Structures are given as structure tokens and as C-alpha cells.
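Below is one structure, written out as C-alpha cells, with a few remarks after it.
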């Protein structure tokens, strides 16, 4: 009786939904009827409350002098390839497909390698049969990672390029924004791509990813026509909204006019910005712990509010981008360095020792 | 939401707000009276008088950091939830129907049944493009057509047989109307002036949402200045100057140009609130009253 009752309670729906999701890797249900895709960075997923919601437009504001936006773009694309999701990549270079060669490959830990070997030996292991092809993506070293997240978001080794067979597959489409004569042609290729992942009542079968690099930058051909650009983004947003896809678009705000930049920021569902930090800034290195490990700063301006009116208020909106063991990308909250030099060392060691992806409450 | 909830929140009606001015104040805003119980922890109660409703233009301004869409939802809910036969004509440029449907459901309105009853009319204009594909030039057909649609809907509703009292027209993002018109702000303004004639002709209320920070450049601020001139009530949602906070989501400035003071004279009136947006309601309170 008791069990029957528990099944009819509100919990039962959640259980079935998570059960349904586990068949489709890389997709997770969120609140308000949204579905999340992973950004490819476990910490960013955590910050955004699960990832990028399907149907949302993510805009990343570039640092005009540093390629940090490419880090986010690469992990986003790699994560899609790991899950074998259709991917459309557009950039203002002559040969956009060459960029795929720079994508990072998923990180394998020692335990996993042994696990993988075991898998190969005995094929009857229960969890393995359906995830065998996604096996490389499990990420082991986050202590509190749940089982669902294991296949949802992988960690990537930024030093190791992705295996060729993953990105030479036919579900990857590359477009050079220099080729198409007008944005209308580019918009058509986006809408053709999005027809592959329509939104319907059946549920999410497959999710698509669109990555557009440096739109609005002077090197892409439409730099002079601001209104075309805004209406392109507007129609892209509408197309993405009615499909099961996420579009990530980077743009350089410092190279375009302020009204245009503000319009684009308003159009974005999720708005991030990246900034490089100067190598030798003595003032800053005094203020922040772990300054020498930082690669750049990530700022979260806006988190998608789909199907809800409540804004997401984060505890911190600026995060430092660090490379852990020179290969995996972690985001940390900025920790203010203690003023006192003697206690400073102990704090410093504690941060570097823990090396965890999130700041422990003691690190103030 | 009305009496019961306010009653449970308010204690004896003493003002902790410093000025006796605010005790039991009624703020007449876009046809609704926002009553501020003096000691209630940030509760504004709205009561609508039909006589106030007619012929106002309300402008909601927001910025990237703080979205003002919650005001739109709030006003929509206020108009639709009452027993009267008020009608909302919603022109959506920013979000699809199901987005609003979900939000309003949490606020206690079912848009699907309301639209079946004819009290909610939704125009999805997200795909509207005024650019003529064939010639490449600008045609004015897009917005003219849209106005005809709105006009027709308003006239049918306001016709003497049906005897409906009040119509509210909402446009959810004017900056996107401008994008649809390929940046021709004069064209957008023409459209808005036409819409404004409806406020006198059939007694509509016009509620517009726009983004203020796009127009911070002095050269391109024509549309915004014209809008501020057209509007009777301007509401501005801004983030807190001190940064993000979990308890206070931002601050709201309400400028009422047609407020009548105690001597019966028309006077401009500015009021500041802070707000916290929740799934099923929005809390408004005076600055500093939330500890």
C-alpha cells in the first residue's frame, strides 16, 4: 500500500522522467519543463544550474585580444561530438573544418582505463552495454558527481586532440561565413540544420548544437550591416527556440557599436563574457589567491529564464578560468588573498592542495 | 491574492517608512491602484478601477541586468484574473506562447482557456519581417498588417453588442519591432501612434516593453525619447546599485505623469520600490524595508 502510494505521489513522475532521460546521453531535465545540454565544462554546468537549456541562445562576449572564447566553444563542440549530437560550426575562416582538429578529447582517468579494459573482457556488465560507445566520457574525479552526471558531462584534456573518427562523422557540418554571400543564405543553412532536430510532443530524441564563432567581427563579411546581423540573430533565436538545439554565438563587443552590442545582449538567453588577465599584474596577484594559475576570467551576465519569470541570482558572477594539471578546464570563484602574509601562505597551500573545482567554504 | 493575503501579512497599520505620506497610500498606476499597507512587509495590493483603465499608455523599461518582463506578466495577470470581462491583446515579439502560458499558469491564469473564452488574444509576431524579400527594399506592409489585426480585434471587442468594458494591448519587446522594421524607428513610431489612437477611440490601455540601455547613445535615442513622451506612466526596472542580492532583485521607478494630488491638480509623481520576483507573485517594497 505504502509503495503504491509513493508511486502516485509527485515523485513518481520525476523518476520516470529521469529514467527516460538516461537512455539519451547528454540530455538532462531541468525545472519548468526545460531540458539541459552540457556545456562541456562541469563547473559551468553547475554554475548555470545544469547546463544550457534546449532552445536557448547563448552569447559569449569575446575579449578582443585573447582567444578565450574558443575554450568555451571547443568544449561545447567536443561535448556534442562525444554524445554524437548533430553539430553546425560556422566561423569566418576559409577552412572551418580545420578547427575541428583542435577540439580537445575527453579525459580518461586510470580507473576508467582499467574499467574499460574490463568492459572489453566481459561484455555482460550491466551498465556498459548501452553506453559502450560513450565510454570515454565518464568523469571520475569529482567527489560528489552523481551517476546521471557521469555520462552527461565529460572532462576534456585540452592538450590532446580529439580522435579523428569522432569529428569526421557525417553529423558535423561546417560553414564558412565568408562563403555565403549574404546572411540570408547562412540563415537558410541554419534552418536546414535545425530541421534535423525538430521539437515535438514525443520528447527529446536528439539534440543539436550550433556554434558560431566571431559573428559581427570585422573579418566576417557582413560587418557593415548591423540590422542584418541583429535580424539574423533574432531569427536564429526563434528557430532555435522551436527546435531541440542550443546555439552558442561569440561576438566581440568592443568592435561593434554599443547599441548593437546591447541589442545582441538582450537577445541572448544566457550571456557570458570572457576576459584575459595580464601576465604580470602585481596588484591583482596580491589581491587574489592562485593568480598565477589563472588563465582568464569568466563573467556570467545572464542565465536563461525560459518558461519562468524568476531571475537566477548567482552567489558570484565572476569566475576564474584555470587549467588543472595543465589540461582540464576548471572554473573557480575568486578568492580574495588574505592581507596578512603569514596566514596567507596557509590559505594558499590549502587552495592549491585541494585543487578542487569548487571553492571550499573555508577559502574565503 | 487580494484581501486575505494582505490581511495575513499586515499587522496594525503603523508606518515604519519614515513618512506618514506612505501609510495606506494608494498609487494609481495604469488603471490599477497599488495599495501599500504601511507595515506590511513589502506588499502592494492592486485593485483595479475600470474608470482608470481607459486610455493610458504604459511604458516598461528595463536593461540587460534586470529584465522587466515580470511587470508585463504581473499586469497581464491583474487584467485577466478579475471577474470582469477585460480582454488582453498580446503582441509577442520575444517569446512563444508556451513561455507565457507556463508563467501565467504559475500566477494563476490559464491562457489556453482564457483564449478559448476570447479574453486573451495572442499574436505571435516573432517571424515578422518587414523587409521585402523580392525587391530588397523596405515595405511597410508588415506593421500595417499587424495594426489592422489589432484594430480589428479591438473593434470587434468594443462593438456595442458585445459591451466589453476594457481592452489592454501589450507589446512585449519594442526593440524587436525595430529590428523587424530593419531599424526604421520612424516606421515603428508611426505604428505606435496608430496604436495610440486606439486608446482614445475604443478606450484601450497600451502597455509597451522596451530596453532602455540600447538607447543610451544620444544619437540613436529618438525612439526612446518619443516613447517616454507618449507614455502616461513609465516604469523602469534597474538592478541594485550595490550589486546582486538574493532577497532584492532590483529596483523599480514608477513615474506617473497624470497623478492628481490632493488639491486636484495634475502633477508628476515618482515613486521608488524594490522588488523580488517569485514564481507565483512579485513582492514590492520600499527600499530598506526588507531586512
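Residue numbers (my numbering), protein chains in the order written: chain A, 1 to 364; chain B, 1001 to 1291.
Every residue, glycine too, gets a C-beta built ideally from N, C-alpha and C.
Since this is a predicted model, take the numbers as computed values, not measurements.
- Between residue 280(A) and residue 1289(B), the alpha-carbon positions lie close to 45 Å from each other.
- As the crow flies, the alpha-carbon of residue 1185(B) is around 16 Å from that of residue 1147(B).
- Within the region 1221–1250 of chain B, those residues whose Cβ lies closer than 8 Å to any Cβ of chain A are, in chain order, 1244, 1245, 1246, 1249.
- The beta-carbon distance between residue 1158(B) and residue 1202(B), rounded to whole angstroms, is 4 Å. This is short enough to meet the 8 Å contact definition.
- In summary, the residues of the region 1179–1204 of chain B whose CB is separated from some CB of chain A by less than 8 Å are 1179, 1180, 1182, 1183, in the order they occur in the chain.
- Distance from residue 186(A) to residue 177(A) at the Cβ level is roughly 6 Å; contact confirmed, criterion being Cβ atoms closer than 8 Å.
- Counted as a single uninterrupted DSSP element, the stretch harbouring residue 225(A) is not any alpha helix (DSSP H), since DSSP gives it neither H nor E.
- In the structure shown, residue 1060(B) falls within a strand segment according to DSSP collapsed to helix, strand and coil.
- Interface criterion not met: the Cβ of residue 46(A) is under 7 Å from no Cβ in chain B.
- With 16 or more other Cβ atoms from the protein chains shown falling within 10 Å of its own Cβ, residue 154(A) counts as buried.
- For a Cβ distance threshold of 8 Å, nothing in chain B lies close to residue 197(A): the least Cβ distance comes to about 17 Å.
- For residue 256(A), the closest Cβ of chain B is not nearer than 7 Å.
- For residue 1089(B), the enclosing beta strand (DSSP E) begins and ends at 1087–1092.
- Close to residue 1257(B), with beta-carbon spacing below 9 Å, lies no residue of chain A; the smallest spacing is near 26 Å.
- Annotated as distal: residue 1114(B) and residue 1071(B), with beta-carbon spacing of 7 Å or more.
- Where residue 99(A) is concerned, there is no enclosing alpha helix (DSSP H), because DSSP gives it neither an H nor an E.
- At a cut-off of 7 Å between C-beta atoms, residue 1207(B) does not count as an interface residue with respect to chain A.
- At a cut-off of 7 Å between beta-carbon atoms, residue 309(A) makes contact with chain B.
- The Cβ-Cβ distance between residue 63(A) and residue 275(A) falls below 7 Å.
- Secondary structure at residue 215(A): coil, using DSSP grouped into helix, strand and coil.
- With a cut-off of 8 Å on Cβ pairs, the region 1187–1197 of chain B is not in contact with the region 225–234 of chain A, counting fewer than three such pairs.
- In this model, residue 1287(B) and residue 1237(B) are separated by some 14 Å (Cα to Cα).
- Look at residue 1111(B) here: in three-state DSSP terms it is helix.
- Among the residues facing chain A, residue 1070(B) is included, as its CB has a counterpart in that chain under 7 Å away.
- Taking a 10 Å sphere around the C-beta of residue 165(A), we find fewer than 16 other C-beta atoms and assign the residue as exposed.
- Spanning the alpha carbons of residue 314(A) and residue 246(A) requires a straight line of approximately 22 Å.
- For residue 328(A), the enclosing beta strand (DSSP E) stretches over residues 328–333.
- Under the Cβ criterion (8 Å, minimum of three pairs), the region 37–56 of chain A does not count as touching the region 250–258 of chain A.
- Here residue 1280(B) is near residue 1106(B), since their CB atoms are less than 7 Å apart.
- Rounded to whole angstroms, the Cβ separation of residue 173(A) and residue 54(A) is 19 Å, and the two are not in contact under 8 Å.
- Close CB contacts of residue 1119(B) within its chain, under the 8 Å cut and outside five residues either way in sequence, are with 1080, 1085, 1086, 1087, 1088 (chain order).
- One alpha carbon belongs to residue 206(A), the other to residue 1272(B), and they sit about 47 Å apart.
- Contact between the region 95–108 of chain A and the region 299–315 of chain A is not established, with fewer than three Cβ pairs separated by less than 8 Å.
- Contact with chain A is absent for residue 1263(B), since none of that chain's Cβ atoms lies less than 7 Å from the residue's Cβ.
- Listed along chain A are 259, 262, 263, 266, each with a C-beta nearer than 8 Å to that of residue 1214(B).
- Taken through DSSP and simplified to helix, strand or coil, residue 1254(B) comes out as strand.
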